[in-house]
Amino acid sequence: MRLSRYFLPVLKETPSEAQIASHRLMLRAGMIKQSSAGIYSWLPLGYRVLKRIERIVHEEQERAGHIPMLMPTLQGADLWRESGRYDAFGPEMLRITDRQDREMLYGPTNEEMITDIFRSHVSSYKDLPLTLYHIQWKFRDEVRPRFGVMRGREFLMKDGYNFDLTKEDALHAYNRHLVSYLRTYERMGLQAIPMRADSGAMGGDNTHEFLVLAETGESEVFYDANVTDIVLGKRDIDYDDVEQCAGVMEEFTSLYARTDETHDEAVFEKVPEERRRSARGIEVGQIFYFGTKYSDAMNAKVQGPDGKPTAVHMGSHGIGVSRLVGAIIEASHDDKGIIWPEGVTPFHVGIVNLKQGDSATDSACDGIYKALEAEGLSALYDDRKDRAGAKFATMDLIGLPWRITVGPRGLGNGVVELTSRRTGESEEMSAEAAIGRAKEIYAAHM
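Here the sequence shown is numbered in this note's numbering, starting from 527 and rising by one per residue.
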């Protein structure tokens, strides 16, 4: 994309309403615009990041054997009355009456709807296990929306639901989701620590939240410092292997890590003092096992091996897709702007032309731009007739991980400059070498 043809409404001044880094930088980088309290339009740059995150979530869910679908944003109130949650959910639920006086709601989650879909079409244990998921916009009428997309009223969320014959099968689904979430976050350049949490309105005894450590996090967390040394990496995981998935669960959750709702000071004191940590965390996902809570209430049963009706065991699993954009920025920025991890960057490479209108530099930039595209890499080419300092400031603000700078002096020596946004280090090399380096860097993220 040529910047002269792109819609990138960057701001020089920090908006007064933005209290945290991600909100300030998303507004300044032209990623979002507030429509009303807690509701945002996603402008082209922000939308590109959102879609990259969504794609990673889809890829890891399907790798784990989960099946994508799509449910509506509006739901009928009757299903929620059937489960007993219509009145219990509270004022965060946006309730609507249509022109036929039917009571509706803007879905905050989908346990009831997915249970109704399941009971309508699945009647035998032979069709289990089954995990369905979708990525859909949700609405929760927060009493005080703040921090931009981190605590908005409208948000994009992946929510998935497993249906299993037994508790043991459902706990394997729980472990499988934990593994898939760990891989998802690591691909985004994040370390999201699974912490024992409170189930809240979802119900059930087994639940873990995934939290990214950040000073601006809304949750207070307590953990053993050694948990930050554990990574999934590039392990080959067989999601059908019960023991392997359980082993990863044990590895990542055996050390103390809890949110403030479940913190137990007596247990925490057993952690060696030098390893005890308290911090703030940003929740980016949560997994639940809640047994037969919804299948009992909504009569979601299958014929078991013995021929008798059996209520299925269920769990739900959510990832805050839009919230992740803010969380990544909170974890990866500096005083100049955003620093995107390679896995989620809106463009792979930025190209800066130091002398727009000079035939040699224009030709070299065009060649690099086309060569990157031919390698499957997206480039944002700053072809504006603007001073070099302004171009560098824009690139630093929007945070592309790698920049290729082209100028007459370098071209005279047969080189361009490849710069890392994260380290600030630059290296001169031929244009062909810079393109090859970019291809090599992104090979692991394609």
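Glycine included, each C-beta is placed from N, C-alpha and C at the ideal position.
Helix, strand or coil at residue i according to DSSP, with G and I counted as helix
i: residue 710; result: helix
i: residue 530; result: helix
i: residue 587; result: helix
i: residue 920; result: helix
i: residue 750; result: strand
i: residue 552; result: helix
i: residue 930; result: strand
i: residue 729; result: Because residue 729 sits at a pLDDT of 46, beneath the cut-off of 50, its placement in the model cannot be relied upon, and the following sentence gives the value as read from the coordinates. Note: residue 729 maps to coil in three-state DSSP.
i: residue 574; result: helix
i: residue 760; result: coil
i: residue 765; result: coil
i: residue 693; result: helix
i: residue 943; result: strand
i: residue 564; result: coil
i: residue 912; result: coil
i: residue 1057; result: Because the chain spans 527 through 972 in this model, residue 1057 falls outside it and cannot be assessed.
i: residue 558; result: strand
Residue i versus residue j - alpha carbon distance
i: residue 839; j: residue 589; result: 22 Å
i: residue 728; j: residue 812; result: Residue confidence for residue 728 is low, a pLDDT of 46 falling below 50, so the modelled location carries little weight; the figure read from the coordinates is stated next. So the two alpha carbons sit approximately 11 Å from each other.
i: residue 685; j: residue 632; result: 15 Å
i: residue 923; j: residue 555; result: 6 Å
i: residue 540; j: residue 551; result: 8 Å
i: residue 561; j: residue 767; result: 47 Å
i: residue 885; j: residue 748; result: 59 Å
i: residue 692; j: residue 668; result: 36 Å
i: residue 929; j: residue 946; result: 7 Å
i: residue 943; j: residue 953; result: 6 Å
i: residue 796; j: residue 718; result: 23 Å
i: residue 538; j: residue 861; result: 13 Å
i: residue 610; j: residue 629; result: 15 Å
i: residue 757; j: residue 661; result: 26 Å
i: residue 872; j: residue 571; result: 6 Å
i: residue 919; j: residue 528; result: 17 Å
i: residue 585; j: residue 893; result: 32 Å
i: residue 676; j: residue 950; result: 28 Å
i: residue 472; j: residue 921; result: An answer regarding residue 472 cannot be provided, because it is not within the stretch 527 to 972 covered by the chain.
i: residue 807; j: residue 712; result: 16 Å
i: residue 663; j: residue 599; result: 7 Å
i: residue 580; j: residue 869; result: 12 Å
i: residue 714; j: residue 857; result: 11 Å
i: residue 962; j: residue 939; result: 19 Å
i: residue 785; j: residue 925; result: 31 Å
i: residue 553; j: residue 709; result: 29 Å
i: residue 594; j: residue 656; result: 11 Å
i: residue 707; j: residue 841; result: 15 Å
i: residue 591; j: residue 659; result: 11 Å
i: residue 638; j: residue 837; result: 15 Å
Residue i: first and last residue of the uninterrupted alpha helix (DSSP H) it sits in
i: residue 772; result: 768-779
i: residue 967; result: 957-968
i: residue 734; result: Residue 734 -> not in any alpha helix (DSSP H); beta strand (DSSP E) instead, spanning 732-739.
i: residue 543; result: Element bounds for residue 543: n/a, residue is neither H nor E.
i: residue 855; result: 847-857
Among the options, nearest to residue i - alpha-carbon criterion
i: residue 577; options: 609, 647 and 682; result: 682
i: residue 732; options: 641, 751, 754 and 700; result: 700
i: residue 875; options: 964, 622 and 673; result: 964
i: residue 823; options: 656, 531, 606 and 568; result: 606
i: residue 809; options: 817, 852 and 630; result: 852
i: residue 532; options: 547, 644, 593 and 569; result: 569
i: residue 908; options: 559, 880 and 704; result: 880
i: residue 820; options: 688, 542, 958 and 649; result: 688
i: residue 643; options: 703, 845, 626 and 827; result: 827
i: residue 778; options: 789, 567, 790 and 736; result: 736
i: residue 720; options: 801, 896 and 844; result: 844
i: residue 679; options: 849, 891 and 917; result: 849
i: residue 775; options: 750, 895, 722 and 901; result: 722
Range of the contiguous beta strand (DSSP E) that encloses residue i
i: residue 937; result: Element bounds for residue 937: not the beta strand (DSSP E) but the alpha helix (DSSP H), 934-938.
i: residue 951; result: Premise fails: residue 951 is in no beta strand (DSSP E) and is neither H nor E.
i: residue 720; result: 719-722
As an exercise, report each continuous alpha helix (DSSP H) stretch of at least 4 residues that is fully enclosed by the region 596-681, in chain order.
Whole alpha helix (DSSP H) segments, 4+ residues: 603-609 and 637-647.
Segments assigned beta strand (DSSP E), at least 3 residues, entirely inside the region 773-842:
Listed in chain order, they are 783-785, 802-817, 827-829 and 835-837.
Segments of 4+ residues assigned as alpha helix (DSSP H) that fall wholly inside the region 860-904
Counting only runs of 4 or more, we get 885-900.
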